[in-house]
Amino acid sequence: MQGRVEWTEGHNMTCTNGAGQSIEINFEDGPSPMQLALQMVGACSLADVVVGLKDRSFTKAWVELDSTRATTSPRVFKTITMVYHVVGDVPLKLLERIVSKSHEKYCSVSHSMDSSIVFDWRVKLNNSEA
Numbered sequence: 049m050q051g052r053v054e055w056t057e058g059h060n061m062t063c064t065n066g067a068g069q070s071i072e073i074n075f076e077d078g079p080s081p082m083q084l085a086l087q088m089v090g091a092c093s094l095a096d097v098v099v100g101l102k103d104r105s106f107t108k109a110w111v112e113l114d115s116t117r118a119t120t121s122p123r124v125f126k127t128i129t130m131v132y133h134v135v136g137d138v139p140l141k142l143l144e145r146i147v148s149k150s151h152e153k154y155c156s157v158s159h160s161m162d163s164s165i166v167f168d169w170r171v172k173l174n175n176s177e178a
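Counted from 1, the sequence shown has number 73 at position 25 by the working numbering; the numbering is strictly sequential.
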């Protein structure tokens with residue numbers, strides 16, 4: 049995997065992967081690098097959930113994230129709480145198993161972070177907390 053991050057001016061940067069795909073970020077007016085890192089944990093794990101539910105009938109899926117960070121530099125994540133929401137005809141036990149496997153094995157982004165981070169998660173199926 050390869051990438052490049054280039055400062056373009058002011059607070060703007062272009063992030064480009066090895067395939068030439070890019071995203072523009074502004075670290076003052078847009079998400080900060082730490083906010084992006086948190087969101088990418090959610091995106092990685094939610095991708096696991098969506099793939100795991102590919103044979104099921106669901107209409108919406110999202111994950112809400114909350115975190116705490118150290119108060120001194122480097123202000124690393126201390127905790128990350130993830131609440132997964134799925135709307136559809138999905139067995140609760142299946143959803144819980146898929147989310148659990150994402151955290152145990154599959155989500156490369158969360159596994160690339162410091163091992164001292166405490167991850168906590170729960171699921172809400174059809175807007176009901178499990």
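Note that the Cβ used here is the ideal one computed from N, Cα and C, for glycine as well.
Assumed close pair residue i, residue j - CB separation to whole angstroms, cut-off 8 Å
i    : j    : result
V138 : R104 : 5 Å
V157 : M88  : 5 Å
Residue from the options with nearest C-alpha to residue i
i    : options               : result
E72  : R52, L86, T119        : R52
P81  : V99, D96, F125, V171  : F125
K108 : T119, R117, A95       : A95
H59  : G66, F75, R145        : F75
K102 : L143, L84, T120       : L143
S163 : E152, V135, T56       : E152
N175 : G68, F106, V99        : F106
E177 : V135, I146, S160, E57 : V135
V99  : M61, E57, V147, H159  : V147
L140 : L173, S121, L84       : L173
With 16 other Cβ atoms within 10 Å as the buried cut-off, status of residue i
i    : result
S150 : buried
V111 : buried
V171 : buried
Cβ shell of residue i (< 6 Å), same chain only, five flanking positions each side left out
i    : result
V166 : T127
T129 : D114, D168
S66  : With the sequence shown as reference, residue 66 is identified as Gly, and Ser is not the correct amino acid for it. Same-chain partners within the cutoff: Q50.
Own chain, CB closer than 7 Å to residue i, minus 5 neighbours either side, in chain order
i   : result
C63 : G51, V53, S70, I71, I73
W55 : M61
Cβ neighbours of residue i in the same chain (closer than 8 Å, five flanking residues each side left out)
i    : result
E155 : Looking at the sequence provided, one finds Cys at residue 155 rather than Glu. For C155, where only same-chain residues beyond five positions count, the Cβ hits under 8 Å are V89, C92, S93, D96.
R117 : M82, R123, V124, F125, K126
L86  : L113, S115, F125, I128
D77  : H59
P79  : I73, Q87
For residue i: DSSP bridge partner residues
i    : result
Y132 : V111, V171
T119 : Bridge partners of T119: none, in fact.
S148 : DSSP, once it has assigned bridges, lists no residue as partnering S148.
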